[in-house]
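There are 2 protein chains.
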Amino acid sequence: MDSVKTIRAMESAPVTTAELAALKDGGGMVTVHGMVHTLRNFGGVRFAVLRRHDGVTQVVLPEDIRLPKEGDAVEITGAIVAEPRAPGGYELRAESIRVLSTPSEPMPVPIHKTNMGLTLDTDLSLRPVTLRNLRARAVMKLQEGLVRGFRDSLNARGFTEIHSPKLEALSAEGGANVFRVPYFQQHAVLAQSPQFYKQMMVGVFERVFEVGPVFRAEKHNTARHLNEYTSLDLEIGFIDSFEDVMSNETYALRYMMNLLRSEYAPQLGSLKLTLPEIGAIPALRFDEAKARAAEAYNLPRVDPNDLTPEEEQAIGRYAAEKLGSEFVFVTHYPTKKRPVYAMDDPDDARYTLSFDLLFRGMEVTTGGQRIHDYDRQVAKIAARGLDPAGFECYLMIHKHGMPPHGGLGMGLERLLKQLIGANNIRTACLFPRDTTRLSP
Amino acid sequence: MDSVKTIRAMESAPVTTAELAALKDGGGMVTVHGMVHTLRNFGGVRFAVLRRHDGVTQVVLPEDIRLPKEGDAVEITGAIVAEPRAPGGYELRAESIRVLSTPSEPMPVPIHKTNMGLTLDTDLSLRPVTLRNLRARAVMKLQEGLVRGFRDSLNARGFTEIHSPKLEALSAEGGANVFRVPYFQQHAVLAQSPQFYKQMMVGVFERVFEVGPVFRAEKHNTARHLNEYTSLDLEIGFIDSFEDVMSNETYALRYMMNLLRSEYAPQLGSLKLTLPEIGAIPALRFDEAKARAAEAYNLPRVDPNDLTPEEEQAIGRYAAEKLGSEFVFVTHYPTKKRPVYAMDDPDDARYTLSFDLLFRGMEVTTGGQRIHDYDRQVAKIAARGLDPAGFECYLMIHKHGMPPHGGLGMGLERLLKQLIGANNIRTACLFPRDTTRLSP
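Sequences listed follow chains V and X, in order.
For what it's worth, the working numbering labels the leading residue of the first sequence as 1, then goes sequentially.
For what it's worth, the working numbering labels the leading residue of the second sequence as 1, then goes sequentially.
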């Protein structure tokens with residue numbers, strides 16, 4: 001049996017930056033590891049900034065210690081001492097350094113600068129290293145926080161997380177904006193949304209959510225579109241009205257912002273961000289919102305059935321200026337522009353029991369109540385000139401019993417873009433995909 | 001302003017089954033909703049089993065109440081009373097019922113039976129409704145628990161969650177088992193793993209994980225393969241050895257099992273499952289494991305560089321019988337069978353610093369240490385007859401500095417399959433994808 005090893009469970013996490021800072025008055029010795037983010041020399045004293053998993057640590061390098069290179073992976077032993085001018089109010093006085101690995105070439109761009117001064121295109125092309133910039137890293141850490149908050153809020157309210165397939169049969173609904181994939185002897189498409197699957201799972205778990213990629217083959221390259229993005233989806237059974245879905249989103253967003261406030265303060269600070277306060281969120285009917293924004297800001301009326309990006313901006317501005325909210329729900333979208341599963345307003349079938357949520361003037365969520373009755377769903381499919389036979393799997397849930405239900409999909413990168421005030425959604429995505437960009 | 005509504009945050013979750021059970025001695029009135037799972041009549045007394053979001057509730061229906069139909073979505077008001085023979089030790093004596101929706105056709109299969117008696121093919125074709133079966137639902141709830149445990153364990157140890165793209169440029173590594181996707185003027189492929197991206201992100205966050213879909217265009221339909229599955233991936237910087245990766249997996253798995261034990265007891269009970277105890281996990285070198293299993297169970301030796309499913313089974317059996325563990329690490333896989341980024345064993349370059357984890361005789365994880373040095377990685381790419389220029393984005397991290405690192409990918413559905421003792425991996429997946437199945 002001598003050649004049998006046993007692998008015990010990992011016992012601890014790497015020391016956190018908060019733990020290091022807490023040592024500053026005790027003067028204890030520590031051994032930490034990290035990447036040499038940058039080297040500096042002030043008045044003959046040599047400093048390194050060590051980039052660690054959750055923060056940075058200023059290191060003083062005495063003359064008897066061999067200077068590491070920028071980009072080195074190092075392990076440093078030394079004493080933590082108070083230093084008000086250093087990040088976190090402490091610094092590490094190195095006594096020994098072990099270089100664990102060293103780069104073969106220096107960084108192609110100054111990743112240690114607050115502003116790297118790169119065009120977006122250069123930044124994205126060098127993304128594997130530009131994400132090491134502390135501000136870029138902070139943005140992606142906030143992305144994690146938003147997802148955590150979304151999940152935790154829903155776990156606390158009886159939702160079950162699901163994983164639906166991203167490869168689907170070509171839908172009877174068709175759609176120009178789908179990616180087609182040769183799939184053995186068939187053709188598949190990439191999921192544009194987990195819509196049908198999350199509705200199916202409402203019949204199983206009543207309340208479900210999913211965080212996963214969705215794919216949109218839209219041919220336009222804009223600052224607000226990605227061809228692949230992360231969708232935060234939820235679907236709830238036993239609603240009384242589509243307002244229950246909005247109420248759930250209000251709850252989830254408030255939870256997400258509170259989580260960022262409590263656990264992501266360093267990132268918020270590094271990006272100098274102010275989070276929106278979420279009390280109650282105002283809601284305006286589509287026609288009303290359109291009219292008020294047009295009147296307030298003298299906008300031309302273009303498509304009566306949809307909102308232009310300019311109209312969204314104006315409605316967002318109106319909500320901020322007149323309603324005191326950075327979020328605003330726009331409800332009762334015209335039936336013509338909503339999908340076949342949207343429930344029509346029983347009071348006026350030209351409108352649906354649906355909504356978008358605008359955040360700082362951009363749509364970040366689409367949601368609404370769905371049809372649960374089999375005959376009504378079949379009728380609406382047929383009224384659109386589609387063949388109900390092509391929806392057989394989906395209609396199984398309506399046929400065999402579904403509660404009244406509704407849900408929403410939130411675009412993670414859009415929400416983050418608006419939160420950080422970025423000009424371009426690509427900044428809010430690790431490795432964005434657009435019509436020409438497939439790598440890195 | 002009268003047409004402005006305000007949407008407040010949802011205030012509470014639906015009442016839980018545990019909360020209902022706790023009312024049984026107080027005899028309080030409640031209003032609950034759910035789906036009529038099945039109707040029964042015992043000695044003239046009419047019962048319904050109500051399927052709710054997190055359990056089932058037995059309901060007594062007095063004669064003056066109109067009998068609902070199976071599959072109805074209902075809201076029931078009544079008194080909770082103790083009833084030792086009912087699930088959870090209580091029942092609901094209905095005083096009024098409101099039918100919220102009603103199916104247009106009865107269930108095509110007896111979803112209320114413990115064993116529905118269906119072929120796998122029929123089950124999968126009717127998946128939107130067969131998942132409403134309580135055992136099927138319990139399996140998918142355990143899937144949620146595994147993912148939660150994986151994430152929570154890693155969040156507690158300083159890992160950052162990432163979302164990497166699933167559409168990639170065609171890799172220089174090629175690979176027969178990739179799905180190709182026409183992508184505007186180019187061709188994309190679907191990610192077989194987040195491998196390169198999670199390594200890139202180690203340079204940013206040091207420790208990262210991802211839970212997401214991966215796609216394998218394998219042409220064989222077996223009981224252990226899916227063409228799309230959910231991969232639990234992690235990658236860790238600053239490891240001393242690839243054993244640190246195994247140690248991390250031991251920790252995560254133990255955390256996952258403990259979470260199931262504490263929060264998923266009803267599901268474990270309904271499936272009559274015994275969870276594996278995870279102390280330390282034994283590890284055997286590939287050659288040694290192969291030899292011992294062959295000797296112990298008189299197996300033919302087939303491919304010296306790989307393990308057949310029969311060999312995996314035998315090694316699993318050996319670990320259970322001789323080493324007292326349902327998990328076993330197999331380490332030092334032959335270099336020939338491992339990918340180009342695997343680090344060779346410095347003591348013998350025919351082997352790699354890599355491992356698989358077998359659970360009850362099936363591989364559920366592949367992992368290992370990766371090459372971090374630029375020149376070594378370029379040399380290994382070239383030695384395989386590949387052009388390093390094709391790996392430019394990936395090699396950026398090696399060129400500009402990477403810590404020693406390693407990681408692993410765990411197949412969620414395989415882990416769940418083994419946990420529930422299913423014959424076929426499709427049982428452990430919501431909506432499985434195989435070479436012929438793209439819907440539901």
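C-beta atoms are modelled at their ideal positions from N, C-alpha and C, and glycine is treated no differently.
Legend entry - At least 3 beta-carbon pairs within less than 8 Å: the segment 347-355 of chain V vs the segment 78-85 of chain X: no
Inset, instruction - Kindly say whether residue 320 of chain V, judged by its beta-carbon, lies nearer than 8 Å to any beta-carbon of chain X. - result: no
Legend entry - Inter-residue spacing [alpha-carbon to alpha-carbon] between residue 5 of chain X and residue 284 of chain V: 7 Å
Legend entry - Beta-carbon separation (whole angstroms), residue 56 of chain X vs residue 33 of chain X, contact threshold 8 Å: About 13 Å; that fails the 8 Å criterion.
Inset, instruction - Please decide whether residue 180 of chain V counts as near chain X, where near means a Cβ-Cβ distance under 8 Å. - result: yes
Inset, instruction - Quick one: residues in its chain with C-beta nearer than 7 Å to the C-beta of residue 1 of chain V, no 5 flanking neighbours on either side, listed in chain order? - result: Residue confidence for residue 1 of chain V is low, a pLDDT of 49 falling below 50, so the modelled location carries little weight and cannot support an answer.
Inset, instruction - Give me the Cα-Cα distance between residue 334 of chain V and residue 282 of chain V, rounded to the nearest whole angstrom. - result: 19 Å
Inset, instruction - Using only the heavy atoms of the ligand ADP, determine whether one of them is closer than 7 Å to the beta carbon of residue 365 of chain V. - result: Absent from the structure shown: the ligand ADP. Ligands present: none.
Inset, instruction - Check whether the segment 370-389 of chain V touches the segment 100-118 of chain X, taking contact to mean three or more Cβ pairs, one atom from each stretch, closer than 8 Å. - result: yes
Legend entry - Minimum Cβ-Cβ distance from residue 5 of chain X to chain V less than 8 Å: yes
Legend entry - Span of the beta strand (DSSP E) around residue 441 of chain X: Shown here, chain X extends from 1 to 440; a query on residue 441 of chain X therefore has no answer.
Inset, instruction - Answer yes or no: does any C-beta atom of chain V fall closer than 8 Å to that of residue 104 of chain X? - result: yes
Inset, instruction - Please report how far the alpha carbon of residue 142 of chain X lies from the alpha carbon of residue 267 of chain X, in whole angstroms. - result: 7 Å
Inset, instruction - Return no unless some Cβ of chain X is closer than 8 Å to the Cβ of residue 247 of chain V. - result: yes
Legend entry - Residue environment, residue 67 of chain X, which counts as buried when at least 16 other CB atoms sit within 10 Å: exposed
Legend entry - Distance between residue 156 of chain X and residue 130 of chain X (C-alpha atoms, nearest Å): 36 Å
Inset, instruction - Report the option in X/296, X/321, X/331, X/317 whose CA atom is closest to the CA atom of residue 306 of chain X. - result: X/331
Inset, instruction - Look at the Cβ atom of residue 405 of chain V, then the Cβ atom of residue 239 of chain V, and state whether they are nearer than 8 Å. - result: yes
Inset, instruction - From the DSSP output, read off the bridge partner residues of residue 281 of chain V. - result: X/7
Legend entry - Closest by C-alpha distance to residue 380 of chain V, when choosing among V/341, V/17, V/393, V/408: V/341
Inset, instruction - Given a cut-off of 8 Å, decide if residue 233 of chain V and residue 409 of chain V are closer than it, judged by their beta-carbon atoms. - result: yes
Legend entry - Neighbour-count burial assignment, residue 237 of chain V, 16 or more Cβ in a 10 Å radius: buried
Inset, instruction - Could you check what DSSP says for residue 396 of chain V in three-state terms: helix, strand or coil? - result: helix
Inset, instruction - Assess, as a yes-or-no matter, whether the segment 245-257 of chain X is touched by the segment 6-17 of chain V under the definition of 3 or more beta carbon pairs within less than 8 Å. - result: yes
Inset, instruction - Any chance you could list the beta strand (DSSP E) runs of at least 3 consecutive residues sitting entirely within the segment 126-186 of chain V, in chain order? - result: 167-169, 180-183
Inset, instruction - Go ahead and pull the three-state DSSP assignment for residue 83 of chain X. - result: coil
Legend entry - Residues that DSSP places opposite residue 370 of chain V in a beta bridge: V/342, V/405
Inset, instruction - For residue 72 of chain V, name the three-state secondary structure that DSSP assigns. - result: coil
Legend entry - CB contact check: residue 204 of chain X to chain V, cutoff 8 Å: yes
Inset, instruction - Identify the contact partners of residue 107 of chain X in chain V, using a Cβ-Cβ distance below 9 Å as the criterion. - result: 400, 401
Legend entry - First and last residue of the uninterrupted alpha helix (DSSP H) at residue 419 of chain V: 412-420
Legend entry - Selected residue, minimal CA-CA separation from residue 418 of chain V, among V/359, V/385, V/384: V/359
Inset, instruction - Please confirm whether residue 218 of chain V and residue 165 of chain X have their CB atoms less than 8 Å apart. - result: no
Inset, instruction - Give, in chain order, every unbroken run of the alpha helix (DSSP H) that is at least 4 residues long and sits entirely within the segment 16-70 of chain V. - result: 17-22
Legend entry - Near-chain X residues of the segment 31-54 of chain V - C-beta to any C-beta below 9 Å: 33, 34, 35, 36, 51, 52, 53, 54
Inset, instruction - Kindly list, in the order they appear in chain X, the residues whose Cβ is closer than 8 Å to that of residue 281 of chain V. - result: 6, 7
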